[in-house]
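Residue numbers (my numbering): 266 to 447.
No residue lacks a Cβ here, since even glycine has one placed at the ideal position from N, Cα and C.
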């Protein structure tokens, strides 16, 4: 039996049993959470992905459904040094083992080195792709060499004058103490 699988609703067990694969190119605009991390809209940016299913031994030695995911894209983030857009490549290449239910997945995920998810008949591969890309976003995106000079100091001419003009808080407390009746 030849089955067609859709990225938004994969029957994980059937996909792995058929050792099928899906490939696609999805616009970044389809990934709302990822899009919110970008420096600019990036309307032309695309996410290229490939998912391959297979059945192989799991943590207990029994055959389990697995999904191998490869994802690539290049997206604009805000450089944390110069605050201008920086285009960074994001790559995901990882395998996921599937368990029958949420409780089993949680227990096995905690005890094993591999990522364990819940096998579903309507697994959303695109949501997994977005999750994995979000985990690949650097904490502090930045250029290797910024295209504009980076200003590393701040000078506010009125700062020191304002500091001198402000009353010392301890002097104010001392004045209150002196007014206290004996």
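List the DSSP bridge partners of residue i.
i, result
"residue 333", "317, 360"
"residue 275", "388"
"residue 338", "355"
"residue 380", "361"
Please report the straight-line C-alpha distance between residue i and residue j, rounded to a whole angstrom.
i, j, result
"residue 409", "residue 380", "32 Å"
"residue 378", "residue 361", "11 Å"
"residue 282", "residue 405", "41 Å"
"residue 427", "residue 435", "17 Å"
"residue 317", "residue 289", "12 Å"
In chain order, what residues of the same chain lie with their CB nearer than 7 Å to the CB of residue i, ignoring the 5 residues before and after it?
i, result
"residue 308", "294"
"residue 270", "280, 285, 287"
"residue 303", "340, 341, 342"
"residue 382", "361, 363, 370"
"residue 365", "384"
Can you list, in chain order, the residues of its chain whose CB lies under 6 Å from that of residue i, leaving out five sequence neighbours each side?
i, result
"residue 356", "337"
"residue 276", "386"
Evaluate the contact criterion for the region 405 to 416 versus the region 381 to 396: three or more CB pairs, one atom per stretch, below 8 Å. no
Would you call the region 312 to 319 and the region 346 to 353 in contact, with 3 or more CB pairs under 8 Å? no
Does the region 358 to 377 touch the region 434 to 443, meaning 3 or more C-beta pairs lie closer than 8 Å? no
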